[in-house]
Every structure is written in structure tokens, then in C-alpha cells.
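The numbering of the sequence shown is our numbering, which starts it at 19 and goes up by one.
Beta carbons: idealized from backbone N, C-alpha and C, even for Gly.
As the structure is a computational prediction, the values presented were derived from the model and not from experiment.
Below is one structure, written out as C-alpha cells, with a few remarks after it.
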Amino acid sequence: MQENCLFCRIAAGELPSNKVYEDEKILAFRDIQPQAPVHVLVIPKAHIASANEISHINSGIVAYIFENIPKIARLAGIAESGYRIISNCGEDACQSVPHLHFHILGGGKLAEKMA
Ligand code: AMP
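Here it is as C-alpha cells:
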């Protein structure tokens, strides 16, 4: 855990979140500023700064997140209608929280273009 990392602190329960799913390795919670009718963030509890830090050493948790996304989507009520998964990485992508997270967006028709 990194003391000054917002999502590490949320994962540790030091800061509140509106949880959708949690287990020992990952946490899914509602985005505080939703950009779609349903907007959930999925994070590994262990700190990884961004997608740019994924390697053969830590990629297992990324696979684990994706294995759990269908369940998280079901819990959020968007599994049937569909959803978009996004991970912003670095400055040009406007990543604002430097702890790896996957946005799950749905609950309505999304824009066709992503950028
Ligand atoms: P990104 O800009 O891709 O790094 O995404 C960071 C996301 O975290 C944004 O969509 C924010 O709205 C969201 N966010 C920031 N602080 C919180 C918080 N305390 N609880 C839930 N979501 C948050």
C-alpha cells in the first residue's frame, strides 16, 4: 500500500467507497463523478501505477480483474445490455489517479467514438 495513493486508501478501507464487489484481491466501486448511467471502477488492491506498469510479474491480477468483470457487470445490472471497459494510462489519456483502474461504463447507449 502506498500511503499517499487515493485508491490504495479506498482499497484499505481508510476512505469510503460505494462498493459493488470486493474480495481479497480486487475492489469494484462506483465512480464519484459518473460519466454514464452506470460507472464502476475496478482496481487491484495491490498498488500498480498504471497499465504502463503491467509486466509478466503482475499481469495475473489483470487477468483476475477481467475474469471478474462479467460478475461485476451482472451485479451492476449491465451484463445483458453491454458495457465499455477503459483504462486511461498517463498524461495524454488524462489519467488522474495513478493507481491502475478499469472504468466499466454502461446503463445506456454510449457514444460511438471514444476520443
Ligand atoms: P482516471 O481519470 O482515468 O484516472 O479515473 C479516475 C476516476 O476516479 C475518475 O473518473 C474520478 O471521478 C474517480 N474518482 C476520484 N476520486 C474518487 C473517489 N473518492 N471515489 C470514487 N471515484 C473517484
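For K43, the closest C-alpha among the options L128, A54, N36, I66 is that of I66. By the CB criterion at 8 Å, R102 and G124 fall inside the cutoff.
Cβ contact annotation for I96 (same chain, cutoff 8 Å, sequence separation greater than five): V56, I122, G124, G125, in chain order.
Judged by the Cβ position, H65 fails to qualify as a neighbour of the ligand AMP at the 7 Å threshold, every heavy atom of the ligand being at least this far. Counting only beta-carbon distances shorter than 5 Å to the non-hydrogen atoms of the ligand AMP, the qualifying residues in chain order are D49, I50, Q51, N106, Q113, S114, V115.
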